[in-house]
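Using my numbering, read the sequence shown as starting at 199 and increasing by one per residue.
Where a beta carbon is used, it is the ideal one built from N, C-alpha and C, also for glycine.
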Amino acid sequence: MTGMTVVLNELLNERDTPVEEVMARHFVPAYRQRTDGTWADWAEVARNLTRIRTAIRSVRIEMLDELTDGRAYADRHVLTVEMADGTSQVRESYVFGSRAEDGRFERLEEVTLVTSTDGSR
199 MTGMTVVLNE
209 LLNERDTPVE
219 EVMARHFVPA
229 YRQRTDGTWA
239 DWAEVARNLT
249 RIRTAIRSVR
259 IEMLDELTDG
269 RAYADRHVLT
279 VEMADGTSQV
289 RESYVFGSRA
299 EDGRFERLEE
309 VTLVTSTDGS
319 R
């Protein structure tokens, strides 16, 4: 099973591979994601990630905690995001979810705290 650090790096930093191709490797077709209370299906997540890729320059990923127990998954990670406009953000996320039998993610629920590193909000 692939860890979330690899998944995030492929989705956010490796821009030569289309988002849909990366998602097909790591997420089942029926994948659903809840971020800060809002649910999105596979297609919505792909659209959001495509948009995010255009808004950022690079992302540094720091995995603080990661746990897999059978099909259950949890992690806590920090992303330091350099935006295309030169500003930056630190995003700390708490993630809980499940994996399908083949190891791909079928559901993730995430709560994110955002702090800018340049003094803006």
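Using the Cβ count rule (16 or more neighbours within 10 Å means buried), how would you classify D214? D214 is exposed by the Cβ-count criterion.
Under a Cβ-count criterion, where at least 16 other Cβ atoms within 10 Å of its own Cβ denotes burial, should M202 be classed as buried or exposed? It counts as buried.
Classify D273: buried if its beta carbon has 16 or more other beta carbons within 10 angstroms, exposed otherwise. D273 is buried by the Cβ-count criterion.
Any idea what DSSP makes of E208, helix, strand or coil? Secondary structure of E208 (DSSP, three-state): helix.
Quick one: grab the DSSP three-state call for T310. Three-state result, T310: strand.
Taking only the alpha-carbon atoms, compute the straight-line gap between R267 and M221 and give it to the nearest angstrom. The displayed chain sequence assigns Asp, not Arg, to residue 267. Going by the C-alpha atoms only, they are around 22 Å apart.
Taking the straight line between their C-alpha atoms, what separation do you get for R319 and S286? Confidence at R319 is low in this model, with a pLDDT of 47, below 50, so the placement of that residue is unreliable and no value is reported for it.
Would you report the Cα separation of E299 and W237, rounded to the nearest angstrom? When rounded, the distance between both Cα atoms is 22 Å.
Is A241 closer than 9 Å to M281 when the C-beta atoms are compared? Cβ distance not < 9 Å, so M281 and A241 don't count as in contact.
Round the Cβ separation of V276 and E290 to the nearest angstrom and send it over; I've been treating them as touching at under 8 Å. That belief holds up - the Cβ atoms of V276 and E290 are roughly 5 Å apart, short of 8 Å.
Buried or exposed: which applies to G235, given that a residue is buried once 16 or more other Cβ atoms fall within 10 Å of its Cβ? In this structure G235 is exposed. Its beta-carbon is surrounded by fewer than 16 other beta-carbon atoms within 10 angstroms.
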